[in-house]
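Asks:
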Amino acid sequence: MNVQIVNNRISGTRITVWDVLHYLEGDWSHEEIGDVLGLSAEQLKAAERYIDEHRDEVMKVHRQIESRNARGNSPEVDAKLASSRSAIGIIRIKRQEQTSGVC
Numbered sequence: 003m004n005v006q007i008v009n010n011r012i013s014g015t016r017i018t019v020w021d022v023l024h025y026l027e028g029d030w031s032h033e034e035i036g037d038v039l040g041l042s043a044e045q046l047k048a049a050e051r052y053i054d055e056h057r058d059e060v061m062k063v064h065r066q067i068e069s070r071n072a073r074g075n076s077p078e079v080d081a082k083l084a085s086s087r088s089a090i091g092i093i094r095i096k097r098q099e100q101t102s103g104v105c
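The numbering of the sequence shown is the numbering used here, which starts it at 3 and goes up by one.
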């Protein structure tokens with residue numbers, strides 16, 4: 003099987019080289035990474051090879067991703083999340099009342 007990396011994704015998957023890099027940096031074994039991400043040994047090797055061959059580019063974007071993650075959500079997104087969680091909580095309460103026979 004000839005596995006390719008296209009647009010930083012392992013062909014035939016939605017897994018990116020940054021997904022693989024995350025686990026590699028965490029010292030996960032190849033078997034663990036393959037199990038978690040649903041990758042074959044060949045797919046994992048192709049991703050590792052791509053990371054090694056394009057290290058500067060991959061690490062630059064990786065640092066940008068980590069920086070964005072560290073900043074967290076904007077206040078607008080946090081407000082939407084809080085609203086959604088509240089709405090879901092109300093739905094759960096109504097369902098519990100329905101299933102317990104309380105109206």
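Every residue gets a Cβ at the ideal spot worked out from N, C-alpha and C, and that includes glycine.
From a predicted model like this one, the values you see are computed outputs, not experimental measurements.
Just to confirm the assignment, what range does the alpha helix (DSSP H) spanning Trp20 have?
Replies: Here residue 20 refers to the residue found at position 18 when the sequence shown is read from its first residue. Here the alpha helix (DSSP H) through Trp20 covers Val19 to Glu27.
Asks: Quick one: give me the first and last residue of the alpha helix (DSSP H) that Arg87 is part of.
Replies: By one-based count along the sequence shown, residue 87 stands at place 85. It spans Pro77 to Ser102 - the alpha helix (DSSP H) in which Arg87 sits, taken as one unbroken run.
Asks: Identify, in the order they occur along the chain, each residue of the same chain with its Cβ nearer than 7 Å to the Cβ of Glu59, setting aside the five sequence neighbours on each side.
Replies: Reading the sequence shown from its first residue, position 57 is the one you call residue 59. For Glu59, where only same-chain residues beyond five positions count, there are no Cβ hits under 7 Å.
Asks: Which residue from Thr15, Val19, Gly14 and Val8 puts its Cα closest to that of Ile67?
Replies: Position 65 of the sequence shown, counted from the start, is the residue given in the question as residue 67. Of Thr15, Val19, Gly14 and Val8, the residue nearest in Cα terms is Val19.
Asks: His56 and Leu23 - do their beta-carbons sit closer together than 8 Å?
Replies: If you number the sequence shown from 1, residue 23 lands on position 21. If you number the sequence shown from 1, residue 56 lands on position 54. No; because the gap between Cβ atoms is not below 8 Å, this pair is not in contact.
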